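Engineer:
Number of protein chains: 2
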Amino acid sequence: MPLIIENIEKHVSLTPEEKELFLSKTEIKKYKTKSILLNSGDICEHSYFVNSGVLRSFNINDNIVEQVLNFASEGWWMADMYSLISKKPGNLFIEVIEDAELVLLSKENQDLLYTEIPKLERFFRILIENSLVAHQERLMDNLSLSAEDRFEKFCKRYPNLIQRIPQKQIASYIGVTPEFFSKMKAKLLRK
Amino acid sequence: MPLIIENIEKHVSLTPEEKELFLSKTEIKKYKTKSILLNSGDICEHSYFVNSGVLRSFNINDNIVEQVLNFASEGWWMADMYSLISKKPGNLFIEVIEDAELVLLSKENQDLLYTEIPKLERFFRILIENSLVAHQERLMDNLSLSAEDRFEKFCKRYPNLIQRIPQKQIASYIGVTPEFFSKMKAKLLRK
DNA sequence: ATACTTTCTTAATCTAGGTTAAGTGCAAAA
DNA sequence: TTTTGCACTTAACCTAGATTAAGAAAGTAT
Chain Y
1 MPLIIENIEK HVSLTPEEKE LFLSKTEIKK YKTKSILLNS GDICEHSYFV NSGVLRSFNI
61 NDNIVEQVLN FASEGWWMAD MYSLISKKPG NLFIEVIEDA ELVLLSKENQ DLLYTEIPKL
121 ERFFRILIEN SLVAHQERLM DNLSLSAEDR FEKFCKRYPN LIQRIPQKQI ASYIGVTPEF
181 FSKMKAKLLR K
Chain H
1 MPLIIENIEK HVSLTPEEKE LFLSKTEIKK YKTKSILLNS GDICEHSYFV NSGVLRSFNI
61 NDNIVEQVLN FASEGWWMAD MYSLISKKPG NLFIEVIEDA ELVLLSKENQ DLLYTEIPKL
121 ERFFRILIEN SLVAHQERLM DNLSLSAEDR FEKFCKRYPN LIQRIPQKQI ASYIGVTPEF
181 FSKMKAKLLR K
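Right, here's the structure in full:
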C-alpha cells in the first residue's frame, strides 16, 4: 500500500476504487538534492507528498538572508499554501535537501478530487487543522522561549531530521544565526 | 441576514433551509469585558464567532507572563484549535476585552453540521487554510523583522483594533515587553 | 590527488530588546 | 473622597543573540 494512501487512511477510509482514482490523479517523481521545486515569485501548482528524502521551504528576506519556514521528510506534505490557494505568485522557495521521491498532486486535480471524493475535503481539513495547531505552538514558542529551548524542542520533535539537515538550516528554522547556533551547540555539548 | 451567514456565504452558498438549520445549531450570548470564555486546562467545547466586541486568546508561560496569541473582532472566529480538535485540555485562555455579542457553535454541533451540510466542511477548510497562511506569515515576520516593523504591519493589518486594545496586549502580540513598546512608540511619534 | 566551494567554528565587538525600579495618570472600588 | 490598583512612561543598566572577520573542516568537482 503506497505511503500516501496509508497517510490518508489515518483520517478517512477509502474504497479500493477511490484509492485507485486518487492515485491516478497523482504523479511520482524523483529529484536530486538541490533541485528547486518552486521559486519565489512563481505560482505554486502542486502539493508535494514525500515518499523519501527531505524538502525545505524558505524565503529570502530583504537582507538577502534565507529564512527557513519548514522541513518535510517521509510522510509529510509540502506546498506554498498561500500561493496554492490564492493562485497568486508566492514568495517561498521549495528545495530538495536530500534526494527525494515525491508524489505530486496538482491543485487542479486536488479540487477535482474534492468533488469526486468529498471525504477528501475532510482529510485535507484535518491535515490543515493539525498544521495550524503546530504553527500556533511554534509561534508561541518563538515569542516566549530562548533559542536553547527552541532547539531542544526541535530535537525532541524531529529527532530523525537533525542528522539529515545542514546545521545552518536548523539555525534558520529556530531563528538564530549559524554563528550563534554553533556557539550554543558547543555550550550544550560541554554540559 | 446575520453576520455569520454572510461570513459563510463568502465561501460557500447555502439554501434557506441550510441557513436555518445552521442557525438552529448555534446560540447567541452576550458577555461583559473581562469575562473568561475558556480557561487554561479546560477542554474547548465551542467555536466563537464575534458579532460585536473584541476577544483575545493567550497563554501564561512559565515566567508567569501572559503571551497573546490572537485577537478577534466583528466577523472573526475564535477557539483553542488544539483543544477543540483533540478534545484534550488546552493551555489557552480566551477572554473578552470589549463587551461582546458572540455566536457559539459547539464542537458537537459543528461535527453534526459537517454531515448534514457537507459544504460546511469546505467552508471550515477554507477558513483554516486562510488562518494557516496568516500564521505562517506572522511566524516568518517574527523571525526576520524588527519589533518596529512588526508593529507597523500590525497597524496596517488591524487599524481598527489599535484603539480598542490595551497597549500592553498589542506589545505582547508583537512579542515585546510593555516597557520596550512604550519606548518604541515614543520614538515613532517623534518622527 | 588537487583546487574550489560551502559549512562550521571561534572570538571580539555591538545592539535590540529585556529587566528593574520609580513615578505618573486615571478609573474603579470603598 | 479617598484609596487602591492597573496601564502607561521614563531611565539606568543588563544580556541574548547579531555582526564581522578569519580560519578549520568537509564536501564536490576537475
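Protein chains in written order, with full-length UniProt numbering: chain Y, 1 to 191; chain H, 1 to 191.
Note that beta-carbon positions come from the ideal geometry of N, C-alpha and C, so glycine has one too.
Just so it is clear, the structure is predicted and the values come from calculations on it, not from any experiment.
(1) Among H/Asn7, H/Leu23 and H/Phe180, which one has its Cα closest to the Cα of H/Leu112?
(2) State the DSSP-derived secondary structure class of Y/Met140, mapped to helix, strand or coil.
(3) In terms of alpha-carbon separation, which member of H/Asp99, H/Thr26, H/Glu121 and H/Ser182 lies closest to H/Ser13?
(4) Return the CA-CA distance between Y/Ser52 and Y/Asp141, expressed in angstroms with no decimal places.
(5) Near H/Pro89, which residues of its chain fall below 7 Å by C-beta distance, leaving aside the five closest residues on each side in sequence?
(6) Kindly indicate the opening and closing residues of the alpha helix (DSSP H) around H/Ile4.
(7) Whose C-beta lies closer than 6 Å to the C-beta of Y/Lys30 among residues of the same chain, with five residues either side of it excluded?
(8) Tell me the DSSP secondary structure of Y/Val65 in three-state form.
(9) Identify each residue in the region 128-149 of chain Y for which the Cβ-Cβ distance to at least one residue of chain H is less than 7 Å, and report them in chain order.
(10) Step through the CB atoms of chain Y and report whether any lies within less than 8 Å of the CB of H/Tyr82.
(11) If I measure Cβ to Cβ from H/Asn70 and keep anything under 6 Å in the same chain, skipping five residues before and after, which residues do I get?
(12) What residues from chain Y crowd round H/Leu69, counting only those whose CB sits closer than 7 Å?
(13) Using a Cβ-Cβ cutoff of less than 8 Å, which residues in the same chain neighbour Y/Asn39 once the five nearest sequence positions on both sides are dropped?
(14) Give me whichever residues DSSP pairs with Y/Met78 in a beta bridge.
(15) For the region 2-13 of chain Y and the region 121-131 of chain Y, state whether three or more C-beta atom pairs, one from each stretch, are separated by less than 8 Å.
(16) Examine chain Y for any beta-carbon lying closer than 8 Å to the beta-carbon of H/Asn59, and answer yes or no.
(17) Tell me, please, which residues DSSP counts as bridged to Y/Arg56.
(18) Determine whether the Cβ of H/Glu121 lies closer than 8 Å to any Cβ atom of chain Y.
(19) For H/Val103, does the three-state DSSP call read helix, strand or coil?
(20) In the DSSP assignment, find the beta strand (DSSP E) that holds H/Tyr158 and state where it starts and stops.
(21) Per DSSP, H/Ile36 forms a beta bridge with which residues?
(22) With a threshold of 8 Å between beta-carbons, can H/Gly41 be considered close to chain Y, or not?
(23) Which residue comes first and which comes last in the alpha helix (DSSP H) that contains H/Lys187?
(24) Give me the chain H residues within the contact set of Y/Arg125, using Cβ-Cβ distance strictly less than 7 Å, ordered along the chain.
(25) To the nearest whole angstrom, what separates the beta carbons of Y/Thr33 and Y/Glu98, a pair I think is in contact under 8 Å?
(26) By the DSSP assignment, the beta strand (DSSP E) with Y/Lys30 in it spans what residues?
(27) For a contact meaning CB atoms closer than 7 Å, what does Y/Pro166 contact in chain H?
(28) Between the region 173-185 of chain Y and chain H, which residues of the former have CB atoms less than 7 Å from a CB of the latter, in chain order?
(29) Is the region 145-158 of chain Y close to the region 149-169 of chain H, with three or more CB pairs under 8 Å?
(30) Less than 8 Å separating the beta-carbons of H/Ile174 and H/Glu18?
(31) Span of the alpha helix (DSSP H) holding H/Ser172?
(32) Is the CB-CB distance between H/Val96 and H/Trp76 below 8 Å?
(33) By the three-class DSSP mapping on this structure, what secondary structure does H/Leu112 have?
Structural biologist: Quick answer:
(1) Of the candidates H/Asn7, H/Leu23 and H/Phe180, the one whose C-alpha sits nearest the C-alpha of H/Leu112 is H/Leu23.
(2) Shown here, Y/Met140 sits in a helix according to DSSP, grouped into three states.
(3) Of the listed residues, the one whose Cα sits closest to H/Ser13 is H/Glu121.
(4) Cα to Cα, Y/Ser52 sits roughly 29 Å from Y/Asp141.
(5) Annotation for H/Pro89: Gly41, Asp42, Ile43 and Ser83 place their beta carbon closer than 7 Å to its own, counting only its chain and skipping 5 residues before and after.
(6) Secondary structure note for H/Ile4: its alpha helix (DSSP H) is the uninterrupted segment Leu3 to Glu9.
(7) So the list reads Glu101, once near-sequence residues are dropped.
(8) Y/Val65: coil per DSSP, three-state reduction.
(9) Cβ contacts with chain H come from Ile128, Glu129, Ser131, Leu132, Val133, His135, Gln136, Arg138, Leu139, Met140, Asn142, Leu143 and Ser144.
(10) Flagged as an interface residue toward chain Y: H/Tyr82, by a C-beta distance shorter than 8 Å.
(11) Apart from the 5 residues on each side of it in sequence, H/Asn70 sits with its Cβ closer than 6 Å to the Cβ of Ser57 in its chain, given in chain order.
(12) What H/Leu69 touches in chain Y: Gln136 and Met140.
(13) Excluding sequence neighbours, Y/Asn39 sits near Phe93.
(14) For Y/Met78, DSSP records a beta bridge to Y/Tyr48.
(15) Segments in contact, yes.
(16) Under the 8 Å criterion on CB atoms, H/Asn59 is classed as interfacial with respect to chain Y.
(17) For Y/Arg56, which the question treats as bridged, DSSP gives the partners Y/Phe71 and Y/Glu95.
(18) Interface flag for H/Glu121 against chain Y is set, since a Cβ pair is found closer than 8 Å.
(19) It is a strand residue.
(20) For H/Tyr158, no beta strand (DSSP E) run applies, since DSSP gives it neither H nor E.
(21) Beta-bridge annotation (DSSP): H/Ile36 is paired with H/Glu95.
(22) Proximity of H/Gly41 to chain Y, defined by a Cβ-Cβ separation below 8 Å, is not satisfied.
(23) Pro178 to Arg190 is the extent of the alpha helix (DSSP H) around H/Lys187.
(24) For Y/Arg125, the neighbours in chain H by C-beta distance under 7 Å run, in chain order, Glu121, Phe124, Arg125 and Ile128.
(25) A Cβ-Cβ distance of about 6 Å is found for the pair Y/Thr33 and Y/Glu98, placing them in contact under the 8 Å criterion.
(26) Run containing Y/Lys30: Thr26 to Tyr31, per the beta strand (DSSP E) assignment.
(27) The contacting residues do not exist; Y/Pro166 stays about 18 Å from chain H at best.
(28) The region 173-185 of chain Y vs chain H, Cβ under 7 Å: Gly175.
(29) No contact exists between the region 145-158 of chain Y and the region 149-169 of chain H.
(30) No, Cβ-Cβ distance for H/Ile174 and H/Glu18 is not below 8 Å.
(31) From DSSP, the alpha helix (DSSP H) with H/Ser172 extends over Gln167 to Ile174.
(32) It is not a contact, given that the beta carbons lie outside the stated cut-off.
(33) Per DSSP, reduced to three states, the secondary structure at H/Leu112 is helical.
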